Structures are given as C-alpha cells and as structure tokens.
Amino acid sequence: MKIALIFILYYYIMNANPSDKKFEPFTYKSLEVLREKFEELGLDIPVSQDIEVLQNNIETKKILIPNRLSIQPMEGFDAHDDGSPGELTLRRYTRYADGGAGLIWIEATSIAKDCRSNPHQLMLTEQNLEKFRDFVSVIRARCNETLKSLGFKDKCVLLIQLNHSGRYSKLGLEKFPIRTYHNVDLDTAIGVSKKNGMIISDDELQELENIWVSKAILAKEAGFDGVDIKACHGYIISELLDARNRKNSIYGGPSLENRARFFLNIIKRLKSKLDDFILTSRLGIYNGIPYPNGFGVREVENQNFPAEADLKEPIQLINQLHKLGISLINISVGNPHYTPHLTRPFDTPLKGAKLPEEHPLFSLYRILYLTSLIKHQIPKGMIMIGSGYSYLRQFAGYIAAGLVKNNMVDICGFGRMAIANPNFPRQIFQNGVIDKNQVCIACSQCSGFMRQGIKTGCAIRDPLYKN
Ligand SMILES: Cc1cc2nc3c(=O)[nH]c(=O)nc-3n(C[C@H](O)[C@H](O)[C@H](O)COP(=O)(O)O)c2cc1C
27 MKIALIFILY
37 YYIMNANPSD
47 KKFEPFTYKS
57 LEVLREKFEE
67 LGLDIPVSQD
77 IEVLQNNIET
87 KKILIPNRLS
97 IQPMEGFDAH
107 DDGSPGELTL
117 RRYTRYADGG
127 AGLIWIEATS
137 IAKDCRSNPH
147 QLMLTEQNLE
157 KFRDFVSVIR
167 ARCNETLKSL
177 GFKDKCVLLI
187 QLNHSGRYSK
197 LGLEKFPIRT
207 YHNVDLDTAI
217 GVSKKNGMII
227 SDDELQELEN
237 IWVSKAILAK
247 EAGFDGVDIK
257 ACHGYIISEL
267 LDARNRKNSI
277 YGGPSLENRA
287 RFFLNIIKRL
297 KSKLDDFILT
307 SRLGIYNGIP
317 YPNGFGVREV
327 ENQNFPAEAD
337 LKEPIQLINQ
347 LHKLGISLIN
357 ISVGNPHYTP
367 HLTRPFDTPL
377 KGAKLPEEHP
387 LFSLYRILYL
397 TSLIKHQIPK
407 GMIMIGSGYS
417 YLRQFAGYIA
427 AGLVKNNMVD
437 ICGFGRMAIA
447 NPNFPRQIFQ
457 NGVIDKNQVC
467 IACSQCSGFM
477 RQGIKTGCAI
487 RDPLYKN
C-alpha cells in the first residue's frame, strides 16, 4: 500500500511537469471555468458545492475542534517592544475570532530576543505573561461567542506557534542569520554573505532546547490550548532537517536521526511535562531544495529547483511524532524566503522578484497532493491541517469541501484569505460561498509589508492598511 502511494506521488508530480504549465494569473469568473482549467492542466482537484462537511467537528484523543476551517499562523509585526500583543495584534485576532473558524493558530512567536524575525514580532516571556493571558481570554471569549451564534456546540481552540527565526533572525533591524549549515543560495536570496551572522554550535543548540521547553510551558500558563513547535519554512528546526552538510555534529549529517534530534528532543521533554495541553507542529514536508540539502526531496544530485519530492523522511518523522503522542499536525511546504510560490501561490510577486516559472494552480496542486499523500500514510486518528487555499478566491470553500469529503485533509487552514476577509468562514457556513468582493487576490502586499519589516495587513480590503 505504502509503495503504491509513493508511486502515485511520482506519477502526479512528474506528469504534472511545471514546464508544461506556464504562469497565468487568476481570471476564472465561474466555478465551471475554474474546473475546466483544472482539467486542461491535468490537475485532479476535488470540488464540492455541498459545504456541510466543513461544519462537522473532529475529535481525537483529547483534541476536539468545532469545525473544519482554521486560521493559519501569520506574523503581523505589531507587538509591543516587550513582545506582548499590541493594539493591532488584538484587532487582527478579534477579527479572526469573530469570523467563525473553530481553530485559531496564533502566529510565529519568538522564543527569545536574539532570534526574532523583527523587533515587533510577538515574544512570550515571564515578564509579559499576564498580557498574553489577557489577550488569550479576550480572543477565547469572542471566538466562543461567535461559534455559539453560528450553531456550533464545541469550544474554540487556540494554539500558539513558537519559533526561532534561525537564518532569518534579525538583531534590531539588521539581518543576523543564525545558520545550521552554510548554503550560499539561501544566503543570496536574502542578501547576506558568509560574513554576516554565524553557524550555531551544538552547545548552543542544546541550550536552545532548554529555552524552547521553558517557553512551551509558559504558553500553557498563558492559557493557550496548545503549542506548535514550528518546523517549517526554513526556520531553525526545518533548516536542521535539511542539514546533511552540517559536519561533526549530533544535530546534522546524513542520518535523519541526527537531523531530527533537536526537534524530537523538545517534543520528548514536553511530552512528560505537559498534561492536558495540545502538543503539535507545523511541519514542512517538502521544500524543493535539491539534495544533498533539502527535506522531502529525492536523494539524487544535480536536480534543478524545485527538486522532485520523496516523502520517505517526512513520513518517518510524522510516525515518530505520533509515537510520542502528537495527534494534530499542520502541513506546509516550501521556504517563503527562497521560493515563496511553493508555500503561497500568487498572481503578483514581491516587488523586484520574478514571476514563478510554473502555473499558480500547479503550485497549489503540489501542496494539496503532497498533503493528501501524507494523510494516507500516517496513523489513523491523527488530525491533519492543510494550507494554500487562499489563491482560490471565492471558490476556496468548494475545494476545501471537496478535499475534506475525499479524506485528503481534515481541516483547511487559511492564511491570506483571513487577512483580507476574516469573515470567510461565516460566509461559507451561512451563504455557502465566500463573498467574491472581499477575497484575497494574492497580490503579495501583505508579504511585502513583512519583508519591509512593517505592520502587516491587507492593502486591498482593509482601509487601515490601504495607505
Ligand atoms: C503575512 C504572512 C505572514 C505569515 N506568517 C506565518 C507564520 O507566522 N507562521 C507560519 O507558519 N506561516 C506563516 N505564513 C504562511 C501562512 O500561514 C500560509 O501557510 C500561507 O500564506 C499559505 O496559505 P494561504 O494560501 O491561505 O495564504 C505567513 C504568510 C503571510 C502571507
């Protein structure tokens, strides 16, 4: 069965060769036209106009999520200097809480001062714990009220993502990459050279394990329902998963055991410390970076970017996580600092960046299918969240329903759509469709704000961020 599915993976990825599917922007006026485009491109993406399935709750072990729509973590760079949520942070999350998603996954929150992605990134500390407590209680009350008013009987789930920005860390406003191994391509993509920053030592990584564990315990004290040990998008844990070229280290080299050691050590230590608290991870299962680096890629040299997928290692890792008691996992792909279209298909690139060489619907299809292949390989009873759906605009609810109905994912997590239109879940539940006048148009302006290091929001739909 497993071998058969791996073959299916190769069939889909290799037959849907990106070079046959050149970039085109989103022009689909009706679901029918979009379906025809899927067919023309050979993309087998399920569609269902019966959105009821998205209203079902889902339960496993001690986790109960009220419905099948969630808000994905998205940094806003609007925290106070001490790392506590600012006014605009509260505004963003109350908008999400009023929208009707059953699960709100709070954005990347730094575990320490010297590994923040921005001086206004959230950061959880002993000193600002009370402020986080207040924040959680406001968001929880608003979210529960919304869910009740929409007819859901279960309570809202609030998770926080804890992160070390690794190669993408800043000291104040200056880039200060903390790398796990040298990679000139990754450095060039963010305009730094070997001279900037450092390679983190094994001793420093060991110390970081302690910090991460203590911050996860603090997240429970702050009132969250659970914590995400972030392992995607090229930040420190996901970079370690790539680190075959890290030499003489217990945290790198050819074996997955070494490359996953840092991640699994944190999970193991937290498992014994945190009862009644969800332990989860947003895991990058494929980043397209060619072997001998990369994760979830085929182990052959001299491949072009993006390299062919091979999910052997991600599946092994997820099975280990399951054995350690993890029963909720949030899947993502790519490295947004390197090739953002793999993570979030778009119509307009960041200022100064090139358009991708592949069709955005193909990029989306890659995320959906890699996620569904993982779904069929991992233990039953593990809840899986997918992403990338915002590109589908007003039709996103129909594809989400199709995917859930076909057991290709359990929960559909939305990123950019939530920034543009935080009421998208309510619109799906009440009207059966997302309001086309409020959708995300994948213009990359929210990501552009992030890259400039300023407060992030939707420049198209939200008057506050228009100028
Ligand atoms: C402005 C912005 C901030 C983001 N911040 C995070 C983050 O903090 N943590 C994370 O795991 N992903 C982050 N992402 C990625 C999103 O969670 C999501 O995976 C991506 O946007 C694709 O989903 P979408 O098509 O629904 O937008 C961010 C994306 C954007 C656009």
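Mapped onto my numbering, the consecutive letters of the sequence shown carry residue numbers 27 to 493.
Even for Gly, the Cβ is constructed at its ideal location relative to N, Cα and C.
Treat the numbers as computed from the prediction; the structure is a model and nothing was measured.
Sorry if obvious, but does the Cβ on Gln81 come closer than 7 angstroms to a heavy atom of ligand 1? For Gln81, the shortest separation between its Cβ and any heavy atom of ligand 1 does not lie below 7 angstroms.
CA-to-CA distance, Gln232 to Phe288, given in whole angstroms: If you draw a straight line from the Cα of Phe288 to the Cα of Gln232, it is about 8 angstroms long.
Outcome for Leu490 when other beta-carbon atoms lying within 10 angstroms are tallied against a minimum of 16: Label assigned to Leu490: exposed.
Any idea what DSSP makes of Val465, helix, strand or coil? The answer is coil: DSSP assigns Val465 none of H, G, I, E or B.
Under a Cβ-count criterion, where at least 16 other Cβ atoms within 10 Å of its own Cβ denotes burial, should Ala167 be classed as buried or exposed? Per the 10 Å Cβ criterion, exposed.
When the Cα atoms are used, what is the spatial distance from Gly112 to Asp104? Taking the straight line joining both Cα atoms gives about 6 angstroms.
Within 7 angstroms: the Cβ of Glu12 and any heavy atom of ligand 1? Residue 12 lies beyond the stretch modelled for the chain, which goes from 27 to 493, so this question has no answer here.
So, is Val253 buried or exposed, given that buried needs 16 or more other C-beta atoms within 10 angstroms? Its Cβ being crowded by 16 or more others within 10 Å, Val253 is buried.
Quick check on the DSSP output: what are the complete alpha helix (DSSP H) runs of length 4 or more inside the region 224 to 303, in order along the chain? Runs of the alpha helix (DSSP H) inside the region 224 to 303: 228 to 247, 262 to 268, 282 to 285, 287 to 297.
Name the residue from Pro382, Arg308, Pro386, Gln153 whose alpha carbon lies nearest to the alpha carbon of Ile97. The residue with the shortest Cα to Cα distance from Ile97 is Arg308.
Could you name each continuous alpha helix (DSSP H) segment of 4 residues or more that falls completely within the region 425 to 483, going from the start of the chain to the end? As far as the region 425 to 483 is concerned, its whole alpha helix (DSSP H) runs of at least 4 residues are 442 to 446, 450 to 457, 471 to 478.
Cα separation between Ile24 and Thr53? Residue 24 cannot be examined here, being either before or after the span of the chain that is shown, 27 to 493.
From the DSSP secondary-structure annotation, give me the bridge partner or partners of Thr86. Under DSSP, Thr86 shares a beta bridge with Ile89.
I'd like the list of long-range same chain contacts for Gly494, defined as Cβ closer than 7 angstroms, with 5 residues on each side in sequence excluded. The chain is shown only over 27 to 493; residue 494 falls outside these bounds and no answer can be derived.
Rounded to whole angstroms, what's the CA-CA distance from Gly126 to Leu300? Just pull it up for me. One C-alpha to the other measures close to 28 angstroms.
Sequence-distant residues of the same chain with beta carbon closer than 7 angstroms to Leu176, five excluded per side: Cβ neighbours of Leu176 beyond the five flanking positions: Gly126, Arg452, Phe455.
Spatially closest choice to Ile137 from Leu244, Leu212, Pro375, Pro318, by CA coordinates: Taking the Cα of Ile137 as reference, the smallest distance to any Cα among Leu244, Leu212, Pro375, Pro318 is reached at Leu244.
DSSP three-state label for Phe33, please. Below a pLDDT of 50, predicted positions are generally treated as unreliable, and Phe33, at 47, falls in that range; the measurement from the model is reported next regardless. Note: Phe33 maps to helix in three-state DSSP.
Residue closest to Pro318, alpha-carbon to alpha-carbon, out of Arg285, Leu290, Ala269: Answer by Cα proximity: Ala269.
Report the option in Glu85, Asn82, Glu156 whose CA atom is closest to the CA atom of Gly249. Minimum Cα distance to Gly249 is reached at Glu156.
Buried/exposed call for Leu356, threshold 16 Cβ in 10 Å: Checking the sequence, you will find Asn at residue 356 rather than Leu. Burial call: buried.
Please confirm whether any heavy atom of ligand 1 lies closer than 7 angstroms to the CB of Lys273. Relative to ligand 1, the beta carbon of Lys273 is positioned no closer than 7 angstroms to any heavy atom.
Given that a residue counts as buried once 16 or more other Cβ atoms are within 10 Å of its Cβ, and exposed if not, what is Thr214? Around the Cβ of Thr214, a 10 Å sphere holds fewer than 16 other Cβ atoms; the residue is exposed.
Let's see if you can read the secondary structure: which residues bound the beta strand (DSSP E) around Ala134? Segment 129 to 136, the beta strand (DSSP E) holding Ala134.
State yes or no: is the C-beta of His363 within less than 8 angstroms of the C-beta of Gly260? The Cβ atoms of His363 and Gly260 lie closer than 8 angstroms to each other.
Taking the CB atoms as reference points, tell me whether Ile393 and Gly414 lie closer together than 8 angstroms. Yes. Within cutoff.
Return helix, strand or coil for Thr53, following the three-state DSSP convention. Judged by DSSP in its simplified three-state form, Thr53 adopts coil rather than helix or strand.
Please find out if some non-hydrogen atom of ligand 1 comes closer than 7 angstroms to the beta-carbon of Tyr417. Remark: the C-beta of Tyr417 is in contact range of ligand 1, defined as less than 7 angstroms to any heavy atom.
Find the nearest neighbour of Thr369 within the set Glu334, Glu327, Gly412, judged by alpha-carbon distance. With distances taken between Cα atoms, Thr369 lies closest to Gly412.
Tell me which residues share the same chain as Thr482 and place their Cβ nearer than 6 angstroms to its Cβ, disregarding the 5 neighbours each side in the sequence. Around Thr482: Gly102, Phe103, Cys472, Phe475, Met476.
What do you get for Phe33, buried or exposed, if any count of 16 or more other CB atoms within 10 angstroms of its CB means buried? Interpretation of Phe33 is limited by its pLDDT of 47, a score under 50 that renders its predicted location unreliable; the figure taken from the coordinates is listed afterwards. An exposed status is given to Phe33, since fewer than 16 other beta-carbon atoms sit within 10 Å of its beta-carbon.
Whole angstroms are fine: how far does the CA of Arg61 sit from the CA of Lys221? Rounded to whole angstroms, the gap between the alpha carbons of Lys221 and Arg61 is 50 angstroms.
Would you identify the three-state DSSP class for Ile186, choosing helix, strand or coil? In the displayed model, Ile186 falls within a strand according to three-state DSSP.
Please report the distance separating the alpha-carbon of Gln329 from that of Asn313. The alpha-carbon of Gln329 is positioned some 13 angstroms away from that of Asn313.
With 16 as the cutoff for other CB atoms within 10 Å, does Asn93 come out buried or exposed? Classification for Asn93: buried.
Neighbour flag for Leu296 against chain D, beta carbons, 8 angstroms: Looking at the structure shown, chain D is missing, and only one protein chain is on hand.
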